[in-house]
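One structure is given here, and the rest of the page talks about it.
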Amino acid sequence: MFPAKQTFIVLLLVLLLLPAGRVLADRCDRAWNWFQEGLGLSDNSSREAFCYQRALELCPDLVEAYTRLGEVYRNQGREQAALEILRRGRIHALTSDSFMRRPGSGKLFIQPLVISGEIYRRQGRYEEAAAELSRALAVDPDSLFAQNQLQYIYKRQDRYASILPPRIQMMTTAIFARIPGMTLPRGGLLIDAQYRTWIQTAPAFEYQLADTVPFLPMDVPELDLPQEIPFNFAPLQRKSQVNLWIAGIRYGLTNDLTVGLMPKVFFRESEVRLEAWDEVATPEVSGFGDTVFLLKYRLYGQRRNHLSIYNLLSIPTGDENANGRDKGIFRWIPLGSGSFDFTPGISFSSGRDPYTIQGNIQYRITDGVEVGDELDANLALIWPLNKAVNSLLELNYRWRGEARKKQRIILMKARPEFIGPSFDPVAAGAVEVDTWFTEEGGSTLFLSPGMQFSLSEGLKLEVGLKIPVIKEDSGWQEGLVLHLGLTKTIF
Numbered sequence: 304m305f306p307a308k309q310t311f312i313v314l315l316l317v318l319l320l321l322p323a324g325r326v327l328a329d330r331c332d333r334a335w336n337w338f339q340e341g342l343g344l345s346d347n348s349s350r351e352a353f354c355y356q357r358a359l360e361l362c363p364d365l366v367e368a369y370t371r372l373g374e375v376y377r378n379q380g381r382e383q384a385a386l387e388i389l390r391r392g393r394i395h396a397l398t399s400d401s402f403m404r405r406p407g408s409g410k411l412f413i414q415p416l417v418i419s420g421e422i423y424r425r426q427g428r429y430e431e432a433a434a435e436l437s438r439a440l441a442v443d444p445d446s447l448f449a450q451n452q453l454q455y456i457y458k459r460q461d462r463y464a465s466i467l468p469p470r471i472q473m474m475t476t477a478i479f480a481r482i483p484g485m486t487l488p489r490g491g492l493l494i495d496a497q498y499r500t501w502i503q504t505a506p507a508f509e510y511q512l513a514d515t516v517p518f519l520p521m522d523v524p525e526l527d528l529p530q531e532i533p534f535n536f537a538p539l540q541r542k543s544q545v546n547l548w549i550a551g552i553r554y555g556l557t558n559d560l561t562v563g564l565m566p567k568v569f570f571r572e573s574e575v576r577l578e579a580w581d582e583v584a585t586p587e588v589s590g591f592g593d594t595v596f597l598l599k600y601r602l603y604g605q606r607r608n609h610l611s612i613y614n615l616l617s618i619p620t621g622d623e624n625a626n627g628r629d630k631g632i633f634r635w636i637p638l639g640s641g642s643f644d645f646t647p648g649i650s651f652s653s654g655r656d657p658y659t660i661q662g663n664i665q666y667r668i669t670d671g672v673e674v675g676d677e678l679d680a681n682l683a684l685i686w687p688l689n690k691a692v693n694s695l696l697e698l699n700y701r702w703r704g705e706a707r708k709k710q711r712i713i714l715m716k717a718r719p720e721f722i723g724p725s726f727d728p729v730a731a732g733a734v735e736v737d738t739w740f741t742e743e744g745g746s747t748l749f750l751s752p753g754m755q756f757s758l759s760e761g762l763k764l765e766v767g768l769k770i771p772v773i774k775e776d777s778g779w780q781e782g783l784v785l786h787l788g789l790t791k792t793i794f
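Following this line, the structure appears as C-alpha cells:
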C-alpha cells in the first residue's frame with residue numbers, strides 16, 4: 304500500500320505543476336513581447352520604461368529587461384534607480400539556472416556591471432566603479448569598453464597604466480601610419496591637429512602644347528610665314544613646397560564602428576625656373592583642400608590584437624582651379640582633386656609587451672586628373688620609454704601613378720608689345736597657351752623616427768620625421784617630411 308500511496312502523491316503533484324508550468328511559460332512569452340516593444344521604442348521615454356517594468360512583473364528572470372531598464376533610468380538622470388534595478392538584475396542572473404545555461408550569458412551578465420561602473424565613475428565614486436568593472440573583466444577580459452573605463456579610473460586615481468594587467472593596457476597609435484587596427488569604444492572621441500611640411504618634385508613626360516600654336520594674330524603675307532606654327536616641348540621638372548594642416552575628429556558609434564572627418568588646409572608654393580632669363584618664379588596658393596571622411600569597422604579584436612577594414616572618402620572641397628602668378632608666370636596649383644576619390648584599406652595593431660606593432664595598407668582610386676592613384680603601406684614599431692614618452696620607428700612606402708594636369712605656357716615672353724613699322728604696327732607681345740601635360744608617377748620608401756609625449760590626461764604631443772631612403776632617379780618624389788601633432792582622446 305505504501306508504494307501505491309507514494310505513486311499517487313507524485314502523480315497528484317505532477318498534475319498540479321503542469322498547469323502552473325504552462326502558465327509560467329505563457330507569462331514569460333508575454334514578458335518577452337513587452338521587452339521587444341520597449342526595444343522598438345528605444346527613446347528613453349516613460350513608455351519604454353513601462354514596457355520593461357511590465358515585462359519584469361510577468362517574468363522576473365528576464366535579465367535583459369533589468370539591463371535595458373537600468374540604461375533608460377541612467378539616460379533619464381535617475382542614476383540611483385538605475386543602480387538598484389541593475390543590482391536586482393545581477394541577483395536574478397546569478398540565481399537563474401535557465402539564464403546561466405543560455406549561450407552568450409556571460410556577455411549579457413557583464414552589461415549591468417559595466418553600466419553600474421560607468422554610473423559610479425560619473426558620480427566620482429571610483430572605488431565602486433573599479434570594483435564593478437573588474438568583475439566585468441573577470442567574466443569577459445576582452446570587453447574593450449570596460450578596459451577603457453577602468454583605465455580612465457586608474458588614471459584619475461593616479462594609479463596609471465602600470466596598475467592594469469598587461470593584457471588590457473591601452474595601446475597608442477603611430478605618427479605616419481595613423482590608422483590603427485583598434486576602433487574607438489562606443490562614445491569615445493579623438494580630436495587631433497597635425498602640421499606637415501615637405502618638398503616634392505615630379506617631371507612631366509614629353510608633351511605637345513597643341514596641334515598648332517598661334518604665332519601672329521593676323522596674316523602677314525610679306526613675311527611669307529604661316530599664321531600658325533607647331534611647337535613641341537621637352538620634359539619639364541616641377542618642384543613645390545607643401546605646408547599642410549589637418550584637423551581630425553573621430554567618434555566611436557559602437558565598439559566596432561568608428562567614423563571620422565578630416566578637413567585640410569594647404570599653403571603651396573611652386574618653383575618655376577626661367578633658364579632663359581636666369582630667374583626663379585614662385586607662384587603660391589593657399590586655402591582648404593579636400594575633406595576626408597573615414598569609416599572603419601573592426602573585424603577582429605581580442606585583448607591586444609585588432610584587425611580592421613576602412614574606407615577614406617575624399618570629398619572635393621578644395622579648389623582644383625587654384626592658381627598663382629609671380630614674375631609674369633601663371634601656374635595652376637590645385638588644392639583639391641575635383642572628384643570624389645575612394646581609398647579602401649586594412650589595418651592591424653598587435654600589442655607585445657612592452658612594444659606595439661601597427662601597420663596598414665591602402666589604395667586610393669582616382670580619375671587620374673590632378674591626382675594619380677596612390678598606394679600606401681606602413682609598418683610601425685612603438686616602444687614606451689616610460690609612462691609619458693613613446694619612441695617610434697616606422698617604414699612608410701608610397702607609390703603615386705601618373706596624373707593629367709593643366710598648364711599655362713607663355714611663348715615669346717620677350718617679344719615687344721607691337722612689331723612692324725612704326726606707321727603700321729601690329730599687336731604682338733607674349734602668347735599664353737593653356738594645355739595639359741602628364742606628370743610622371745613614382746615611389747619613395749621612408750624610414751621615419753618619432754617621439755610621443757603625454758602632456759596631461761588624454762593629451763599627447765608628437766614629433767616625427769620621414770626620411771627618404773630609397774627613391775627613383777626620375778618620377779614623382781617626396782623629400783624630407785616634418786610632422787608635428789597634438790591629439791586629445793576623450794572616453
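Heads up, the sequence shown is in my numbering, so the first residue is 304 and it goes up one at a time.
No residue lacks a Cβ here, since even glycine has one placed at the ideal position from N, Cα and C.
Keep in mind that this is a model prediction, so the values were computed, not measured.
Could you give the C-beta distance for residue i and residue j, rounded to a whole number, given that I count them as a contact under 8 angstroms?
i: Leu768; j: Ser751; result: 6 angstroms
i: Thr557; j: Lys599; result: 11 angstroms between Cβ atoms; not a contact.
i: Gly491; j: Gly555; result: 4 angstroms
i: Leu597; j: Tyr613; result: 6 angstroms
Reducing DSSP to helix, strand and coil, say where residue i ends up.
i: Leu280; result: Absent from the model: residue 280. The displayed extent of the chain is 304 to 794, so no value can be given.
i: Trp335; result: helix
i: Leu361; result: helix
i: Val442; result: helix
i: Leu487; result: coil
i: Arg634; result: strand
i: Gly420; result: helix
i: Leu411; result: helix
i: Leu436; result: helix
i: Ala625; result: coil
i: Ile482; result: coil
i: Ala513; result: Here the model assigns Ala513 a pLDDT of 36, short of 50, so the residue's position is not dependable, and the following value carries that caveat. Looking at Ala513 - three-state DSSP - the assignment turns out to be coil, as it is neither helix nor strand.
i: Ala706; result: strand
i: Glu720; result: coil
i: Gly392; result: helix
i: Arg601; result: strand
i: Asp329; result: helix
i: Val545; result: strand
i: Leu748; result: strand
Closest to residue i by C-alpha separation, out of the options, would be which residue?
i: Gln544; options: Val575, Met565, Thr561 and Gly555; result: Val575
i: Glu760; options: Tyr457, Val366 and Thr646; result: Tyr457
i: Thr486; options: Tyr423, Gly563, Ile770 and Leu416; result: Gly563
i: Asn626; options: Ser611, Asn608 and Glu572; result: Glu572
i: Ala385; options: Tyr376, Asn624, Gly782 and Lys774; result: Tyr376
i: Ala680; options: Trp501, Phe596, Asp443 and Thr747; result: Thr747
i: Gln426; options: Gln383, Arg371 and Arg438; result: Gln383
i: Asp670; options: Gly641, Thr790 and Ala434; result: Gly641
i: Ser617; options: Phe643, Asn608, Gly420 and Ser611; result: Phe643
i: Asn608; options: Leu615, Ala434 and Asp656; result: Asp656
i: Asp622; options: Gln605, Val417 and Thr594; result: Thr594
To the nearest angstrom, how far is the alpha carbon of residue i from that of residue j?
i: Val766; j: Met754; result: 5 angstroms
i: Ala496; j: Asp629; result: 31 angstroms
i: Gly590; j: Phe633; result: 18 angstroms
i: Leu547; j: Leu787; result: 11 angstroms
i: Ile494; j: Ile552; result: 5 angstroms
i: Val516; j: Ile712; result: Confidence is the limiting factor: at Val516 the pLDDT is only 39, short of 50, which leaves the residue's position unreliable, though a coordinate-based value still follows. Roughly 11 angstroms separates the two Cα atoms.
i: Glu587; j: Thr504; result: 15 angstroms
i: Ser288; j: Leu698; result: The question about residue 288 has no answer, for the chain in this structure spans 304 to 794.
i: Ile413; j: Phe651; result: 27 angstroms
i: Leu436; j: Tyr369; result: 18 angstroms
i: Pro687; j: Ser446; result: 24 angstroms
i: Val873; j: Glu720; result: Absent from the structure is residue 873, since the part of the chain shown begins at 304 and ends at 794.
i: Gln780; j: Asp581; result: 25 angstroms
i: Thr500; j: Tyr603; result: 35 angstroms
i: Leu453; j: Trp335; result: 33 angstroms
i: Leu789; j: Phe749; result: 22 angstroms
i: Pro566; j: Ala550; result: 6 angstroms
i: Phe338; j: Gln665; result: 44 angstroms
So the beta strand (DSSP E) residue i belongs to, where does it begin and stop?
i: Leu688; result: Unbroken run through Leu688: none, as it is neither H nor E.
i: Ile770; result: Leu762 to Lys774
i: Val734; result: Val734 to Glu742
i: Val562; result: Leu560 to Met565
i: Trp501; result: Leu492 to Pro506
i: Thr475; result: Element bounds for Thr475: n/a, residue is neither H nor E.
i: Arg667; result: Tyr658 to Arg667
i: Val674; result: That residue, Val674, is in no beta strand (DSSP E); it is neither H nor E in DSSP.
i: Pro647; result: Asp644 to Arg655
i: Phe726; result: Note, Phe726: premise wrong, no beta strand (DSSP E); not H, not E.
How far does the alpha helix (DSSP H) with residue i in it reach, from first residue to last?
i: Gly373; result: Val366 to Asn378
i: Asn451; result: Leu447 to Arg459
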